[in-house]
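Using the UniProt record's numbering, read the sequence shown as starting at 1 and increasing by one per residue. All remarks here apply to the structure that follows.
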Amino acid sequence: MNQTDRDTVIFWFRRDLRLHDNIGLYHALKENNNVLPVFIFDKEILDELEDEQDMRVNFIYKQVIHLKEALENLGSSLLMYHGNPIKFFEALEVAGVYTNHDYEPYAIKRDNQIQALLNEKNIPFKTYKDQVIFEKNEILKEDGEPYTVFTPYSRKWLKKLDSSHQEPYLIQSFYRNFKKIQPVRTLSLSEIGFKAGQYDYPSKQISGKIIEQYETNRDFPALQGTSRLSVHLRFGTISIREAVKEARKYSQKWLSELIWREFYMMILWHFPKVVTSSFNSKYDQLEWRNNEKEFEAWCNGMTGYPIVDAGMRELNATGFMHNRVRMITASFLTKHLLIDWRWGEAYFAKKLLDFELSSNNGGWQWAAGCGCDAAPYFRIFNPYIQTQKFDPKSKYIKKWVPEFQEIQYPPPIVDHQFARNRALETFDALRKEK
Ligand code: FAD
C-alpha cells in the first residue's frame, strides 16, 4: 500500500500486540472495511538502546512477525515502518486512524501532535482504553481528586468492577473488514538496527495452578510462584480482561497485583513529574552518597550480600527479577548504600524485559520511601532476615551466587547495622527540616 489511500483505515498497534480482545482494533473493524494494521518501530525510542541484541526489541519483533503472519493468513498484511511516527503520519492520506491509549508522557505528547496533524488533514483519529480496566479519571476520590494511597483506590476499583469489564471484545466476525492486499515487505531486524539474540521468553499461558497457589508461593524466589506474565501485560500479548477474569476465578491477591499496575499507571498519568522527581518533593532534598564504585558493585551482583547479588545476577542474566528480590535490591541501593533511586530505576529500565515506566518508577519510589503510598522511610529491609524468611535453604542464592560461601566471594560492602543507622539518620534529618 502506499500511504495515500483515502479508502483505507489504519489500525496502529503499539502496546497491544494481539488480534484478539483488542478494543481499538475491534472498533476499527466494526466501523470500517479496508482496515490495514501498522506497526512503527519508533526510531526515537530505539536509538536510545545500547544493546544491539536488545531482548525487548527481539520480543517485540517476534510478536510483530506473528501478527503479520496471522494477518496474511486472513488475506491482509501488516505495514512495518521504521522511523519517526510523526513523519509516518505526515505522509499519510487515509480515511481514518485507530489506536489504543498509552499513558506515558512521551506517548501523550506524541499522540497530541499526531491528533493535531491528522485534524488538519481531516483524518479522524480515534483512540480507546484497552490496556487497563480503569484509566485516567475513572477511579477518583469523592472530592474528584486522584487517589495517592493504594488501599482506598483498590477498594473503589473493586467496587466499580463488574462482569462487563472482563468480557472479551470478539473480532472474528469482522475479520472480513481487514484490507485485502498482497503481503507487504517484511523489515528485517538488521534494518531497524538490531540483531537476533537467543532468548527464552516466559509463556503467555495464564496458569490457573500458579494463580491458585499465588498467595502461598508468591514471596519465594526459588519457586515458580508468580505468573511471569509481566512482559505480556506490558506489550499486550495478553489482554487485561482475560487476566482479570482468571484472577477473579482463582485469587484475590493476584487481582490486587493487577490493580497495583493500574494504580501506578494512574499515578503517572496524573503526576508525570514522578518521572524525574520524588512524588513527595521533600525527598528531592535528600543528600544521596552516590558512590560510583558501590553502584557498580550493586549492578554486577558483587555487594557481598548474597540475596542482593542473586537478584542482580538474575536480572543481568535473564531480564527478570522476582518481585520480593526487586524490593530487597531496591531497598539496599537506596537505604544501605544511599544511592539515588533514579540510578537504580534507570538500571532496571535498561535491563528488565518487563520494564514498565509506571510500575518501575512506582516500585523504586516505594522502596526509597519517597513515593505515594511508600514504605515508611524507617522501613529498611534486613537482607539477612529476608533471606531467612523467603529463601531459607538458600536455593535461590545458590542458583545465582554459587560461590557465596567461598573465599573469593566479596565481604559485605557495608556493615548492615552501620548502614541502617546511617540511613535512619539521613532520612530523619530531612524529615525534621522545615
Ligand atoms: P505476578 O506476581 O504474577 O503479578 C501479576 C502482574 O501484576 C504482573 O505481571 C504485573 O503486571 C502486575 N504487578 C505485580 N506486582 C506489581 C507491582 N508491585 N506494581 C505494579 N504491577 C504489579 N513490574 C513491571 O511490570 N515492570 C517493571 O518495570 C517493574 N519494576 C519494578 C521495580 C521495583 C523496584 C519493584 C519493587 C517492582 C517492580 N515491578 C515492575 C512490579 C513487580 O515486581 C513485577 O510486576 C513482577 O515481579 C512481575 O512478575 P510476574 O509477572 O510473575 O508478577
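We put the beta carbon where it would ideally sit given N, CA and C, even for glycine.
Check: residue i C-beta below 7 Å from any heavy atom of ligand 1
{"i": "GLU425", "result": "no"}
{"i": "ASN217", "result": "no"}
{"i": "ARG248", "result": "no"}
{"i": "GLY236", "result": "no"}
{"i": "THR148", "result": "no"}
{"i": "SER239", "result": "no"}
{"i": "ARG379", "result": "no"}
{"i": "ASN382", "result": "no"}
{"i": "LEU333", "result": "no"}
{"i": "GLY362", "result": "yes"}
{"i": "THR226", "result": "yes"}
{"i": "MET327", "result": "yes"}
{"i": "LEU229", "result": "yes"}
{"i": "LEU337", "result": "no"}
{"i": "ALA257", "result": "At residue 257 the sequence reads Glu, which differs from the Ala that was named. For ligand 1, at least one heavy atom lies less than 7 Å from the Cβ of GLU257."}
{"i": "TRP12", "result": "no"}
{"i": "ARG261", "result": "yes"}
{"i": "TYR169", "result": "no"}
{"i": "ALA367", "result": "yes"}
{"i": "TYR347", "result": "no"}
{"i": "SER203", "result": "no"}
{"i": "ILE305", "result": "According to the sequence provided, residue 305 is Tyr. The question's Ile does not apply to it. TYR305: no, Cβ never under 7 Å from ligand 1."}
{"i": "ASN290", "result": "no"}
{"i": "HIS322", "result": "yes"}
{"i": "ALA222", "result": "no"}
{"i": "SER359", "result": "yes"}
{"i": "TYR264", "result": "yes"}
{"i": "ALA196", "result": "no"}
{"i": "GLU135", "result": "no"}
Buried versus exposed, by CB contacts within 10 Å (16 or more), residue i
{"i": "ARG261", "result": "buried"}
{"i": "ASP284", "result": "exposed"}
{"i": "GLN417", "result": "exposed"}
{"i": "ILE397", "result": "buried"}
{"i": "GLU345", "result": "buried"}
{"i": "ARG234", "result": "buried"}
{"i": "GLY24", "result": "buried"}
{"i": "ILE407", "result": "exposed"}
{"i": "LYS121", "result": "exposed"}
{"i": "GLN131", "result": "buried"}
{"i": "TYR384", "result": "exposed"}
{"i": "THR303", "result": "buried"}
{"i": "THR8", "result": "buried"}
{"i": "PHE237", "result": "The sequence as given places Thr at residue 237; Phe does not occur at that position. By the 10 Å Cβ count, THR237 comes out buried."}
{"i": "GLY369", "result": "buried"}
{"i": "GLY311", "result": "buried"}
{"i": "ASN137", "result": "exposed"}
{"i": "GLN365", "result": "buried"}
{"i": "GLU356", "result": "buried"}
{"i": "LYS179", "result": "buried"}
{"i": "ASP162", "result": "exposed"}
{"i": "ALA429", "result": "exposed"}
6 Å Cβ shell around residue i - same chain, five flanking residues per side excluded
{"i": "ILE65", "result": "none"}
{"i": "ALA196", "result": "LEU189"}
{"i": "LEU337", "result": "GLU294"}
{"i": "HIS322", "result": "PRO221"}
Nonlocal neighbours in the same chain, by C-beta distance under 8 Å from residue i, ignoring five residues either side
{"i": "ALA222", "result": "ASP391, LYS393, LYS395, TYR396, LYS399"}
{"i": "THR186", "result": "ILE65, LYS68, MET80"}
{"i": "GLN182", "result": "SER77"}
{"i": "ARG289", "result": "LEU337, LEU338, ILE339"}
{"i": "ARG420", "result": "LYS335, HIS336, ILE380, ASN382"}
{"i": "LYS253", "result": "TYR214, GLU215, ARG218"}
{"i": "ASN84", "result": "ASP42, LYS43, GLU44"}
{"i": "VAL275", "result": "PRO105, LEU268, LEU357, ASN361"}
Close beta carbons around residue i, own chain, < 7 Å, minus the five adjacent residues each side
{"i": "GLY363", "result": "ARG326, ALA330"}
{"i": "GLU191", "result": "HIS82"}
{"i": "ILE259", "result": "SER154, TRP157"}
{"i": "TYR26", "result": "TYR169, ILE171"}
{"i": "GLU246", "result": "ILE206, GLY208, ILE211"}
{"i": "GLY319", "result": "MET55, LYS351, LEU352, LEU353"}
Whole-Å CB distance - residue i paired with residue j, under 8 Å assumed
{"i": "ALA367", "j": "THR334", "result": "6 Å"}
{"i": "ASN291", "j": "ILE339", "result": "7 Å"}
{"i": "ILE123", "j": "VAL94", "result": "6 Å"}
{"i": "ASP21", "j": "SER239", "result": "4 Å"}
{"i": "PHE381", "j": "ILE328", "result": "5 Å"}
{"i": "PHE174", "j": "LYS30", "result": "6 Å"}
{"i": "ILE89", "j": "LEU118", "result": "Note that residue 89 is Phe in the sequence shown, not Ile. So it is a contact: roughly 6 Å between Cβ atoms."}
Are the stretch 167-177 and the stretch 191-208 touching by the rule of at least three beta carbon pairs closer than 8 Å? no
At least three beta-carbon pairs within less than 8 Å, the stretch 106-124 to the stretch 144-163: no
Between the stretch 67-77 and the stretch 44-59, do at least 3 Cβ pairs fall closer than 8 Å? no
Counting pairs of beta carbons, one from the stretch 125-142 and one from the stretch 13-28, are three or more of them closer than 8 Å? yes
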